[in-house]
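One structure is given here, and the rest of the page talks about it.
Chains as they are written, first to last, in the working numbering: chain A, 1 to 101; chain B, 1 to 235.
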């Protein structure tokens, strides 16, 4: 099946825009339901977790460097390093590990 | 403050955001390149979507030749937090704000610009958000473009290293609040283990990457919301 990259991107853009703009134009009152509020609160964390692991392990040239980057990222984030430093540290771990593989 | 002053203040407050975006979108560009996208296509995605997780997931699906409907559902689920922000912004602007202004304000909703918009004292002048996005979006697009171009020029070892950049940022977003809240930590661990199961267990691994993320996000978040609804002060 052949898919067109431009159509993919247009679908991405349209869906993302509708999500952003519909509540702003339609819903004029606050969402009170605790389950819906909790669901919306949890979604980004679950999505990012699911997308990160185990994909990070197979993103690099070797699963070993990917796994080490994952561990380093968790430790750095746990220690409270800012976003960019966590990211750069993960990259460095991969680069250095692969020098020795 | 006049519209013009608000716009200029938005640009000024948007500068640090724009610089941060340059770095994040560079990693996104590397991911786009790994998914086989050209620099113009990746830039087109960035200027029209302006969403890191959403674009990253989209590139994954493009690489997997997913169905168009899978792409639409995926983008809906992954960007669902923007709905919450959009609801919040609808309370933040003057009620008489016109429809065109609201339509334009929707385009400015990202985690960071929403953050500074909602922090505006009193009712928000939308021109403040317009100013912030006017400086942030070009940098976001430029970074993506550079990521693809540089990714094609840099040695394989460096591209491999840069490929984890975005994952590092995702960890930096997820881990700190999970450290503070035990329930969230458990949910993060369950999410990663489930994702692992769906990737490697034979029958489950037949489900495409897009639906895997959608199914896990909806089921885990819903279960968490029912079993452990957040208290108001946490939201």
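Note that beta-carbon positions come from the ideal geometry of N, C-alpha and C, so glycine has one too.
Open item on the list: Counting C-beta neighbours from all protein chains within 10 Å, is the total for residue 143/B 16 or more, i.e. buried, or is it exposed?
Closed with: A residue is called buried once 16 or more other Cβ atoms fall within 10 Å of its Cβ, and residue 143/B is buried on that count.
TODO: For my contact list, residue 48/B and residue 9/A are in at a C-beta cut-off of 8 Å; report their separation, rounded to the angstrom.
DONE: Confirmed, Cβ separation roughly 7 Å.
- [ ] With a 10 Å radius around its C-beta and 16 neighbouring C-beta atoms as the bar for buried, classify residue 54/A as buried or exposed.
- [x] Counting other Cβ atoms within 10 Å of its Cβ, residue 54/A reaches 16 or more and is therefore classed as buried.
Open item on the list: With a threshold of 8 Å between beta-carbons, can residue 168/B be considered close to chain A, or not?
Closed with: It does: the Cβ of residue 168/B has a partner Cβ on chain A nearer than 8 Å.
- [ ] With 9 Å as the limit, tell me which residues of the region 16-41 of chain A have their beta carbon closer than that to any beta carbon of chain B; keep them in chain order.
- [x] Listed by position along the chain: 16, 17, 18, 19, 20, 21, 22, 23, 24, 25, 26, 27, 28, 29, 30, 31, 34, 35, 36, 37, 38, 39, 40 and 41.
- [ ] Give every residue of the same chain whose Cβ lies closer than 8 Å to the Cβ of residue 194/B, excluding the five residues on either side of it in the sequence, and list them in chain order.
- [x] Result list for residue 194/B: 216 and 220, in chain order.
- [ ] State the CB to CB distance for the pair residue 24/A and residue 105/B, rounded to an integer number of angstroms; the pair is presumed to be in contact (CB under 8 Å).
- [x] Residue 24/A to residue 105/B, Cβ: 6 Å. Contact.
Open item on the list: Which residues in chain A have a C-beta closer than 8 Å to the C-beta of residue 156/B? List them in chain order.
Closed with: Against chain A, a Cβ distance below 8 Å from residue 156/B picks out 61.
Task: Under 8 Å by beta carbon: chain E residues contacting residue 71/A - done: Note that chain E does not occur in the displayed structure, where the protein chains are A and B.
Open item on the list: List, in chain order, every chain A residue whose beta-carbon is nearer than 7 Å to that of residue 99/B.
Closed with: Taking a Cβ-Cβ threshold of 7 Å, the residues of chain A close to residue 99/B are 25, in chain order.
Open item on the list: Against chain A, which members of the region 126-148 of chain B pass a CB distance test of less than 9 Å?
Closed with: Of all residues in the region 126-148 of chain B, none has a C-beta nearer than 9 Å to a C-beta of chain A.
Task: Amino acids of chain B, ordered along the chain, whose beta-carbon sits closer than 9 Å to that of residue 101/A - done: The contacting residues do not exist; residue 101/A stays about 10 Å from chain B at best.
TODO: Have a look at 15/A, 100/A and 32/A and flag the residue whose alpha-carbon is nearest the alpha-carbon of residue 64/A.
DONE: It is 100/A whose Cα lies nearest to the Cα of residue 64/A.
Task: Enclosing alpha helix (DSSP H) for residue 180/B [first to last residue] - done: Per DSSP, residue 180/B belongs to the alpha helix (DSSP H) from 165-180.
Task: is_contact[residue 203/B, chain A] using C-beta, thresh 8 Å - done: It does not; no Cβ of chain A falls within 8 Å.
- [ ] Have a look at residue 81/B and residue 39/A and give me their C-alpha separation to the nearest angstrom.
- [x] Straight through space, the alpha carbons of residue 39/A and residue 81/B are spaced by roughly 9 Å.
TODO: Note the first and the last residue of the continuous alpha helix (DSSP H) segment covering residue 17/B.
DONE: 3-34 is the extent of the alpha helix (DSSP H) around residue 17/B.
- [ ] Specify, as a first and last residue, the run of the alpha helix (DSSP H) that residue 66/A falls within.
- [x] Annotation: the continuous alpha helix (DSSP H) that includes residue 66/A extends over 63-78.
Task: Closest Cα partner of residue 45/A within the set 186/B, 83/B, 161/B and 207/B - done: Here the closest residue by C-alpha is 186/B.
- [ ] Check whether the Cβ atoms of residue 163/B and residue 59/A sit closer than 8 Å, and answer yes or no.
- [x] In contact: residue 163/B and residue 59/A (Cβ atoms closer than 8 Å).
TODO: Just mark residue 1/B as buried or exposed, buried being the case when its beta carbon has 16 or more other beta carbons within 10 Å.
DONE: Looking at its Cβ environment, which holds fewer than 16 other Cβ atoms inside 10 Å, residue 1/B is exposed.
Task: residue 135/B - DSSP class collapsed to helix/strand/coil - done: Three-state DSSP puts residue 135/B in a helix.
Task: Residue environment, residue 66/A, which counts as buried when at least 16 other CB atoms sit within 10 Å - done: If you draw a 10 Å sphere on the C-beta of residue 66/A, you find 16 or more other C-beta atoms in it, and that means buried.
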